[in-house]
Amino acid sequence: MSETPPSECQKRCWLKVKTRRRRNHCPSGVPLTTIACEDEFDCKELESLFQNYNLKLEQTSTLKALAVLIFMSATLAVVELLSGPSLTISKGSHPVHCVIFLSLFIVTNVKYLQVTQLQQIVNLTLLFSFTFSFLCCPFSLGAMGLEPPTSPEQGVWQLILVTFVTYELLPVRTLLAVVFGVMVSICHLIVTATSVTVKTQKLWRTLVANTVLFTSVNLSGLFVRILTERAQRKAFLQARNCIEERLRMEDENEKQERLLMSLLPRNVAMEMKEDFLKPPERIFHKIYIQRHDNVR
15 MSETPPSECQ KRCWLKVKTR RRRNHCPSGV PLTTIACEDE FDCKELESLF
65 QNYNLKLEQT STLKALAVLI FMSATLAVVE LLSGPSLTIS KGSHPVHCVI
115 FLSLFIVTNV KYLQVTQLQQ IVNLTLLFSF TFSFLCCPFS LGAMGLEPPT
165 SPEQGVWQLI LVTFVTYELL PVRTLLAVVF GVMVSICHLI VTATSVTVKT
215 QKLWRTLVAN TVLFTSVNLS GLFVRILTER AQRKAFLQAR NCIEERLRME
265 DENEKQERLL MSLLPRNVAM EMKEDFLKPP ERIFHKIYIQ RHDNVR
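With our numbering, the residue at position 9 of the sequence shown is 23, and numbering never jumps.
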């Protein structure tokens with residue numbers, strides 16, 4: 015039976031250990047934006063195989079991100095509830111987000127989960143993470159008697175934590191993670207500049223400090239994310255190459271065995287095979303000669 019020759023895609027992909035940066039999704043002529051683009055294998059079949067291979071890791075990573083969000087929203091809800099009887103935006107938003115994240119956690123913890131289903135869950139998690147971060151911004155409703163005056167530092171650590179969790183744990187596209195981090199940071203700065211009523215000089219200092227913090231967490235998260243994804247793809251290639259090499263060796267052994275069976279009698283060939291599997295001393299000095307009577 016003739017064997018199917020390997021396709022050009024396999025020949026091109028498996029010889030490469032390093033991944034190739036996907037240039038067609040990056041704006042041409044802008045070198046600084048190429049850092050936000052993801053790596054992708056040249057071969058579409060290989061990229062699909064990597065996504066299926068990486069599904070369990072992405073599912074575990076999503077569960078970890080949801081666990082962090084559940085713990086944070088639940089803790090903030092309890093703290094806001096015990097803080098006083100006044101009505102605030104946080105008292106209504108944190109319990110709702112806690113229930114939403116808990117529901118997504120239960121749905122994600124399904125044993126047989128498809129790639130498309132996981133992507134939908136991740137997109138919903140990213141959406142509600144944005145609403146959670148946006149409602150943590152220092153909105154000033156003190157003039158309406160609903161909430162005491164806010165400070166420009168309010169919600170900074172929540173936004174930093176959510177942004178870092180998005181970069182490190184949520185399996186979204188890198189460009190989407192960058193857009194999320196930038197949008198969350200800009201929203202907090204705009205709300206702080208328009209809602210907080212403090213001295214102008216003090217407010218500008220706080221805005222500059224918040225900008226430095228948001229920029230640092232976005233850059234660090236992006237750096238770690240790119241290194242992690244490249245390491246995962248390299249490990250996948252190495253595992254695939256090891257499996258392919260073992261299958262190739264098994265195929266070569268079968269060919270050699272068929273060749274041996276075609277040249278020698280079966281009993282002699284089996285005796286030689288057993289000797290090579292458990293080689294005695296001076297194996298190459300053994301002569302496979304047998305005496306046969308009544309031979310015509």
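No residue lacks a Cβ here, since even glycine has one placed at the ideal position from N, Cα and C.
Here the structure is a predicted model, which means the values were calculated and not measured.
| Reduced DSSP category for residue 231 - H, G, I as helix; E, B as strand; rest coil | Walking along the sequence shown from the start, residue 231 turns up at place 217. Shown here, residue 231 sits in a helix according to DSSP, grouped into three states.
| task | With DSSP collapsed to three states, give me the class of residue 125. | result | Translated into the one-based positions of the sequence shown, residue 125 becomes position 111. The answer is coil: DSSP assigns residue 125 none of H, G, I, E or B.
| query | Helix, strand or coil: which one does DSSP assign to residue 165? | reply | In the sequence shown, residue 165 corresponds to position 151, counting from 1. Correct three-state label for residue 165: coil.
| task | Output the boundary residues of the alpha helix (DSSP H) element that contains residue 85. | result | Locating residue 85 in the sequence shown gives position 71, where the first residue counts as 1. Residue 85 -> alpha helix (DSSP H) spans 69–97.
| field | residue 201: first and last residue of the uninterrupted alpha helix (DSSP H) it sits in | value | Residue mapping note: residue 201 aligns to position 187 of the sequence shown, counting from 1. Here the alpha helix (DSSP H) through residue 201 covers 188–209.
| Considering only residues of the same chain and omitting the five flanking positions on each side of residue 122, which have a CB-CB separation below 6 angstroms? | Taking the first residue of the sequence shown as 1, we reach residue 122 at position 108. 76, 77, 135, listed in sequence order.
| field | Contact set for residue 86: own chain, Cβ-Cβ below 6 angstroms, skip 5 residues either direction | value | For the purposes of this step, residue 86 is identified with residue 72 of the sequence shown, where counting begins at 1. Within the same chain, no Cβ atom closer than 6 angstroms to the Cβ of residue 86 is found once the five residues on either side in sequence are excluded.
| query | Does DSSP put residue 289 in a helix, a strand or coil? | reply | Against the sequence shown, residue 289 aligns to sequence position 275. Of the three classes helix, strand and coil, the one that applies to residue 289 here is helix, per DSSP.
| query | residue 124 to residue 64, Cα distance in whole Å? | reply | By one-based count along the sequence shown, residue 124 stands at place 110. By one-based count along the sequence shown, residue 64 stands at place 50. Residue 124 and residue 64: Cα-Cα distance of roughly 20 angstroms.
| To which residues of the same chain is residue 138 closer than 8 angstroms at the C-beta, ignoring the five residues directly before and after it? | Indexing the sequence shown from 1 puts residue 138 at position 124. The beta carbon of residue 138 sits closer than 8 angstroms to those of 118, all from its chain and outside the five residues before and after it, given in chain order.
| request: Tell whether a beta-carbon distance below 7 angstroms holds between residue 191 and residue 180. | output: As a first step, residue 191 must be located in the sequence shown, where it is residue number 177. As a first step, residue 180 must be located in the sequence shown, where it is residue number 166. The answer is yes: Cβ separation under 7 angstroms.
| Counted within 10 angstroms of its Cβ, other Cβ atoms place residue 267 as buried (16 or more) or exposed | Mapped onto the sequence shown, residue 267 falls at position 253. It counts as exposed.
| Are three or more beta carbon pairs between the stretch 165–179 and the stretch 230–238 nearer than 8 angstroms? | yes
| What separation, rounded to the nearest whole angstrom, lies between the Cα atoms of residue 283 and residue 273? | For the purposes of this step, residue 283 is taken as the residue at position 269 of the sequence shown. For the purposes of this step, residue 273 is taken as the residue at position 259 of the sequence shown. Computed Cα separation, rounded: 10 angstroms.
| Leaving out five residues before and five after residue 12 in sequence, what residues of the same chain have Cβ atoms less than 7 angstroms from its Cβ? | With the chain running from 15 to 310 in the structure shown, residue 12 is simply not present.
| query | So, residue 146 versus residue 209, is the Cβ gap smaller than 7 angstroms? | reply | For this step, residue 146 is matched to residue 132 along the sequence shown. For this step, residue 209 is matched to residue 195 along the sequence shown. It is not a contact, given that the beta carbons lie outside the stated cut-off.
| task | Evaluate residue 237 with the Cβ neighbour count: other Cβ atoms within 10 Å of its Cβ, from every protein chain shown; 16 or more gives buried, anything less gives exposed. | result | Stepping through the sequence shown from its first residue, residue 237 is reached at position 223. By the 10 Å Cβ count, residue 237 comes out exposed.
| field | Rounded separation between residue 307 and residue 259 - CA only | value | In the sequence shown, counting from the first residue as 1, residue 307 sits at position 293. In the sequence shown, counting from the first residue as 1, residue 259 sits at position 245. Taking the straight line from one Cα to the other gives about 46 angstroms.
| message | Let's test the definition: count the other Cβ atoms within 10 Å of the Cβ of residue 62 and tell me whether it reaches 16, buried, or not, exposed. | response | Numbered from its first residue, the sequence shown carries residue 62 at position 48. It is exposed - the Cβ of residue 62 has fewer than 16 other Cβ atoms within 10 Å.
| query | For chain B, is any of its Cβ atoms less than 7 angstroms away from the one on residue 65? | reply | In the displayed structure, chain B is absent; only one protein chain is listed.
| Where residue 183 and residue 82 are concerned, what is the direct C-alpha to C-alpha distance, given to the nearest angstrom? | Taking the first residue of the sequence shown as 1, we reach residue 183 at position 169. Taking the first residue of the sequence shown as 1, we reach residue 82 at position 68. Looking at the two C-alpha atoms, the distance is approximately 10 angstroms.
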